[in-house]
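With this note's numbering applied, the sequence shown corresponds to residues 13 to 161, in that order.
Reviewing the structure listed below.
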Amino acid sequence: MPAIVESIDISRRPEDVFSYVTDPSHFPEWQDSAVSARREGDAPLAVGSRAVVTRRVGRLKLPTTEEVTELNRPRTWAVRGVGGIPVTAIAKGTIERLDNGERSRLTIAIELEAHGIGRLLVPLVVRRQVRKQLPRNERKLKELLERAT
């Protein structure tokens, strides 16, 4: 299945956007599906870092573990859900410098992998939910970051 991709321009430096968007403690502030999130361990964010994120899927609240699989400050990152859940999300983010680094273009791509019953859920529920939430999440992120300046 093709990735769901959305972009938005934000009037903040790429470093500011990167720091905020990759910090799991901020996920519930800008991601509609995130109910709570906390990093595992105290080490600085790096490839292999994990966070436990409880997400709302329909009426359910499901704890998931997300692992950083790519981290290139302040330009790109990727996280992947790990564990035995029927739907695995892979999120990849890219931040482009605009206006000599005074603004940023954030692009998030989400791929969904289905296993078992997830093969039914992805096309019927999950993909539709992600398509609606991703642009809304990016608008909320833009509003939060631009308000903070």
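No residue lacks a Cβ here, since even glycine has one placed at the ideal position from N, Cα and C.
Every value quoted in this text rests on a predicted model; they were computed, and no experiment measured them.
- Counting only the Cα atoms, V29 lies some 9 Å from S23.
- In this model, R62 and L110 are separated by some 30 Å (Cα to Cα).
- The Cβ atoms of V80 and V64 do not sit closer than 7 Å to each other.
- When N112, P56 and D44 are compared, the shortest CA-CA separation from K144 is found for D44.
- Taken through DSSP and simplified to helix, strand or coil, R92 comes out as strand.
- Note on geometry: alpha-carbon atoms of A103 and W42 lie some 15 Å from one another.
- Counting along the chain, the unbroken alpha helix (DSSP H) around S31 starts and ends at P26 to V33.
- For L72, the number of other beta carbons within 10 angstroms of its own is below 16, and it is reported as exposed.
- Around V47, the same chain offers P40, T66, R67, R68 and K73 as residues with beta carbons nearer than 7 Å, after the five sequence neighbours per side are excluded.
- Around the beta carbon of N149, 16 or more other beta carbons lie within 10 angstroms, which makes this residue buried.
- In the DSSP assignment, L110 forms a beta bridge with R115.
- The three-state secondary structure of V59, taken from DSSP, is coil.
- Non-local beta-carbon contacts of P56 in its own chain, meaning distances under 8 Å to residues more than five positions away in sequence, are absent.
- Straight across, the Cα-Cα distance linking E108 with T119 is about 8 Å.
- Cβ neighbours of S19 within its own chain (closer than 7 Å, five residues either side excluded): R117, L118 and T119.
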